[in-house]
Amino acid sequence: MKLERELMRGAGPTAVLQLLSRGEMYGYQLVESLASESKGVFKLGQSTLYPMLYNMETKGLVVSTRKEGPNGRKRRYYRLTTDGKKRLEKDREQWAALVKAMGAFGVTRDRPSTADLPGGLIIGGSTA
Amino acid sequence: MSQVFPDSGGLTFEAVWKIIRSPFSPEFDWETQLSESGLPDRVQSVVYLVVQRSGLMRYEKSAVAEDLIDHFLDGEERGVSFSKLIAEFGQPETAATLIRSSKLRSRPVFSKILRGGMWAGLAGILGYLGLAAFFHMGKPNPSVNYLFDLNEDIALIAEEDRAWNVYRESWTNHEFSEGPGGRFEEIYFRSDDPEEDMRYVRSDDGEQWDRAVEKLRNSQDLLDALREGAMKPSLGVELQSNPMNYSPEDRAALFPGRDLEEASQTFGVEGISEHADQLLTDSLVGILLPHIQSFRNASRILIVDTRWAIDEGDFERATQNIEATFGFARQASESPVLVCGLVGVAVYGIGCDLTDEILATHESEFSDDQMRRIQEAVSRDPAMTFIKLHGERAMVLDILQRVYTDDGNGDGRITPDGMDVLTIIQGMLAHEIEQAGGFEGFMQTVKRAAAPVALAFMPGRRDMTDAFNMMFDKAEDNFYRPLYEYDIAEIEEEVESLGHEYFLLKQLVPAYQQIRLAMFRTVGNQGGMEMAIAAYRYRRAYGEFPETADQLVGEFLDEIGEDPVDGSQLKYKRTEDSFIVYSLGVDADDDGGEAVLVTEGGFASPGAMNISTAADDLHPQRAGEFSFTNSQENDGDWVIWPRYSDN
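Protein chains in written order, with the working numbering: chain F, -3 to 124; chain U, 131 to 777.
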């Protein structure tokens, strides 16, 4: 399955940050990893990935370096910055909370008890 | 690592340097990069489309192209077909849009400012080009023949009343107008003594007098023509902007020795459009007045000829010369152009000087009839009529119709030709029309480039015309009133108070104050001179000068002349063995005929005379130097008769 655009807009950068947390990667490698590791859910059109990378670079979450790869050809590698790591950590927490919350509603299969819900997560304008 | 300016919003030397060299450096030649990438044409087309459509700066395109080339090469390396890679890439147009917006966000503040500035500049340039196009579409279209209006009265003069028909032949023969013949250098006394001013030669000047007499003797036909012509009521020369509009005979007389057919008839100022040059040449500003200045010369010649006539005992010729001089004044001021009026006033002053000189020494030798004729010559043309203002109004309105467009309803906008016309006029007023070159030429080019801005700040034709007419109406209503009834400086102050956008009006408004003084000096001189001659004629009849001016009225004088200071009658005062005629003078009160005294350095009061009566440098203010502007500081009266003259 493929994510709706709005969902992808929120989830895509986190997924990219997560992949880069393992080490530096180049563009096509990210495309490939996103598709394969998500079993096709994050199969990004490249027209989406590169602008996303440029935005993240502008925000200082990633930096890029153009350098020679193992095949002897130069390409641009992206890696996380300190700010990127912090952001990823924050995203992780938010996603975990979101998944739990959605589970509480029965949206996801793993349904946590309401006692497990983190305080301060706002759903539908009220504190869950 | 690049250096980041503090608080610069991401501005780095590297980023700035990239932006600066981006358009020129081969390092950012992304098209070559793409063509040398080894990617198949169909992939190159996709990359090309994305990069090209991104509309980014060249260095940014280069970076995007690199990424996309890498992307497709990496995909192919991983065993994915180019067809599949293209299909998975998505829409190139969408990619271009997304890439563009993300790259724009990543630009440094400097770049954003630069980009904003470029857009603003471009908008400004486009706006200015539009303004310039609108400006350059405007063409003046003069529709009123003001020259015809000025000549209308002259055209109606009967041939037998035209002095020009008498003058023409002798002026041609003697190259009198604008020619070397008009100079008559022999009539001037030039002393080796640097302290002595140049003056007209007198009978006791030895060789110089002999040379002058010889010159006059050889110019008898000219002198006869001047005397005869001056008795005609009119001059009868119509004004022309283009001298080629005169008949060949008139041209030969007015412009002796000049090949007008070969000469350019335009102002010929470099950098000015031909059309503008022609517009101004055809205007009233371009009117040539060679004959007017000749009247000054004619009257000077007759001063010396009159001295010669007195020397020979020929009082009839002296009388005719005096009559002729006042006739020149009338004829010079015939056209309603300010310059003509001022020359007329000046020539009238020469006539007064001549009359004074002759009567002071030889009054008793003139016959009664000659005295009557001299008085008639003095009073024949009211001095108030010499200076006419409506020609000045016509001149300004004529300029306006050559500067502005005409919308048919009295309004219009400034034009490129009009700006050129103004440039020439400004140069004429500043006496500095020069051929532009070097830096001046460059500045002229800059001025021309900036000319469309005039549309924004210069008043439209209607506003400018209204302002002019309002000012002229006020001037005409008040110009001829006595000095103390109306201070014409009020008009000049009003004009000065207008905004800078009315600079044209400020430049073209005549110096009313000075012109009015010149006219009133003549008014005073005329009234005083009339009364003085009448007093001499009274003495002939009754053996002594009258006690009061009223005794002159009727038999010797139609009416007592007006004091130009306050509009009252000129004052007559019998002295022990003679009389004086005076005006209230610059302080506008009656000091009993005590003269304002002047020195070389300025004014002194009659009281000052009592303190230093022996002072050689104190003398009564000359009648011709009556000055209203010094009124507040100077006690005393303006003594018109006897006239003080040292010439």
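The beta carbon of each residue, even a glycine, is placed where N, CA and C say it ideally should be.
- Excluding its 5 nearest sequence neighbours in each direction, U/Leu638 has C-beta neighbours in its own chain below 6 Å: Val526, listed in chain order.
- Counting only residues of its own chain and dropping the five nearest sequence neighbours on each side, U/Ala462 has a CB closer than 7 Å to the CB of Ile422, Phe425, Cys470, Val473, Gly474 and Val477.
- Closest by C-alpha distance to U/Ala597, out of U/Glu207, U/Val625 and U/Pro612, is U/Val625.
- From the beta-carbon of U/Gly205, the residues of chain F found nearer than 7 Å are Tyr24.
- The Cβ atoms of U/Ala605 and U/Leu280 do not sit closer than 8 Å to each other.
- For U/Ile199, the enclosing alpha helix (DSSP H) starts and ends at Arg188 to Glu207.
- Identification of chain U residues near F/Thr44 by a Cβ-Cβ cut-off of 9 Å yields Gly220, Thr224, Ala225 and Leu228, ordered along the chain.
- Taking a C-beta distance under 8 Å as the contact criterion, F/Met21 and F/Tyr74 qualify as a contact pair.
- Annotation: U/Asp696 to U/Ala679 spans about 18 Å, alpha carbon to alpha carbon.
- Straight across, the Cα-Cα distance linking U/Arg773 with U/Ser713 is about 12 Å.
- With contacts defined as CB atoms closer than 8 Å, U/Arg430 and U/Ile317 qualify as a contacting pair.
- Look at U/Glu308 here: in three-state DSSP terms it is coil, with no helix or strand label.
- A Cβ-Cβ contact shorter than 8 Å links U/Ser364 with U/Glu464.
- Taking 4 residues as the shortest admissible run, the region 204 to 250 of chain U contains the following complete alpha helix (DSSP H) segments, listed from N- to C-terminal end: 212 to 219 and 222 to 236.
- Residues of chain F whose Cβ lies closer than 7 Å to the Cβ of U/Asp197 are, in chain order, Gly23, Tyr46 and Arg72.
- Taking C-beta atoms as the reference points, U/Val551 and U/Val576 fail to come closer than 8 Å.
- Annotation: U/Phe709 to U/Ala671 spans about 16 Å, alpha carbon to alpha carbon.
- Cβ contact annotation for U/Glu289 (same chain, cutoff 7 Å, sequence separation greater than five): Asn295, in chain order.
- Distance from the CA of U/Glu379 to the CA of U/Leu352, rounded to the nearest whole angstrom, comes to 17 Å.
- For the pair U/Met588 and U/Ile544, the CB atoms are nearer than the 8 Å cut-off.
- Apart from the 5 residues on each side of it in sequence, U/Phe158 sits with its Cβ closer than 6 Å to the Cβ of Ser152, Arg188, Tyr189 and Ser192 in its chain, given in chain order.
- One thing to note: U/Gln163 has its Cβ no nearer than 8 Å to the Cβ of U/Ile216.
- Under the Cβ distance rule, U/Arg188 does not count among the residues neighbouring chain F, no pair being separated by less than 8 Å.
- Counting every other CB atom within 10 Å of its CB across the protein chains shown gives U/Gly257 a total below 16, marking it as exposed.
- For U/Val769, the three-state secondary structure derived from DSSP is strand.
- Comparing alpha-carbon positions, the option among U/Trp249, U/Glu674 and U/Glu368 lying closest to U/Leu419 turns out to be U/Glu368.
- Burial state of U/Lys362 is buried, judged by a 10 Å Cβ sphere holding 16 or more other Cβ atoms.
- Close CB contacts of U/His304 within its chain, under the 6 Å cut and outside five residues either way in sequence, are with Gly311 and Leu352 (chain order).
- Nearest CB-CB separation between U/Arg235 and chain F: below the 8 Å threshold.
- Less than 8 Å divides the Cβ of U/Thr449 from the Cβ of U/Phe496.
- Boundaries of the alpha helix (DSSP H) harbouring U/Lys604: Arg591 to Asn608, taken from the DSSP string.
- The CB of F/Thr54 comes closer than 8 Å to the CB of Ser232, Arg235 and Ser236 in chain U, given here in chain order.
- At a C-beta separation below 9 Å, F/Arg69 has these neighbours in chain U: Asp200, Leu203, Asp204 and Glu207.
- Residues of chain U with a Cβ closer than 7 Å to the Cβ of F/Glu28 are, in chain order, Arg208.
- A residue is called buried once 16 or more other Cβ atoms fall within 10 Å of its Cβ, and U/Gln350, having fewer, is exposed.
- Straight-line spacing of the CA atoms in F/Ala100 and F/Ala93 works out to 10 Å.
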